[in-house]
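Here is the structure we will look at, set down as structure tokens.
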Amino acid sequence: MQSRRRKSIVIFIFCVTTVFAQSNEVTVRVDGLSCPFCAYGLEKKLNDIKGVENINIDIEEGLIILKIVEGKIISEEELREKIRDAGFTPKEIVFTNKDKKTREKE
Numbered sequence: 052m053q054s055r056r057r058k059s060i061v062i063f064i065f066c067v068t069t070v071f072a073q074s075n076e077v078t079v080r081v082d083g084l085s086c087p088f089c090a091y092g093l094e095k096k097l098n099d100i101k102g103v104e105n106i107n108i109d110i111e112e113g114l115i116i117l118k119i120v121e122g123k124i125i126s127e128e129e130l131r132e133k134i135r136d137a138g139f140t141p142k143e144i145v146f147t148n149k150d151k152k153t154r155e156k157e
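Take 52 as the starting number for the sequence shown in my numbering and just add one per residue.
Next up, the structure:
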């Protein structure tokens with residue numbers, strides 16, 4: 052009984068911590084962006100994520116806008132990890148499906 056319960060809890064936690072971006076755009080607010088060199092380092096890290104088609108970084112607003120290849124799935128945790136690895140603090144993440152005009156706010 053306890054084994055089954057633990058298994059259910061582990062599955063639940065995995066599902067909750069992995070947010071899927073079945074969308075074609077992800078917007079991330081980031082703290083610490085101050086220069087083009089910073090943006091370049093961040094862009095290099097984000098390009099390692101499979102499924103990222105295009106990256107736009109707005110230094111003044113502290114925003115990253117990622118275009119996602121249709122049908123690809125990106126986890127929020129992987130995205131946060133890559134941003135931290137580049138030396139920045141990820142804040143708000145918004146997954147947007149432009150086709151359906153829906154938004155998921157994280």
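All C-beta atoms in this analysis are idealised placements derived from N, C-alpha and C, irrespective of residue type, glycine included.
Under the assumption that residue i contacts residue j (Cβ atoms under 8 Å), give the Cβ distance between them as a whole number of angstroms.
i	j	result
Leu84	Phe139	7 Å
Gly102	Lys133	At roughly 12 Å, the Cβ-Cβ gap does not stay under 8 Å, so Gly102 and Lys133 are not in contact.
Ala113	Arg80	Looking at the sequence itself, residue 113 is Gly, so the reference to Ala does not match. With 8 Å as the limit, Gly113 and Arg80 qualify as a contact, their Cβ atoms being about 6 Å apart.
Could you check if residue i is buried or exposed, using at least 16 other CB atoms within 10 Å of its CB as the buried criterion?
i	result
Val120	exposed
Lys143	Note that residue 143 is Glu in the sequence shown, not Lys. Per the 10 Å Cβ criterion, exposed.
Pro141	buried
Give the secondary structure of residue i by DSSP, where H, G and I count as helix, E and B as strand, and everything else as coil.
i	result
Asp136	helix
Glu104	strand
Tell me the DSSP bridge mates of residue i?
i	result
Glu76	Lys118, Thr147
Asp82	Thr140
Asp109	Leu114
Residue i CB to nearest chain B CB: under 7 Å?
i	result
Cys86	Structure shown: chain B not included; a single protein chain is present.
For residue i, which residues from the same chain have a beta carbon less than 7 Å from its beta carbon, with the 5 sequence-adjacent residues on both sides left out?
i	result
Glu94	Ile106, Ile108
Asp82	Gly113, Phe139, Thr140, Lys142
Between residue i and the rest of its own chain, which residues show a CB-CB distance below 6 Å, the 5 nearest in sequence each way excluded?
i	result
Val61	Model confidence at Val61 stands at a pLDDT of 47, short of 50, so the residue's coordinates are unreliable and nothing is read from them.
Taking 8 Å as the limit between beta carbons, can you name the residues of its chain near residue i, skipping five residues before and five after?
i	result
Cys86	Ile110
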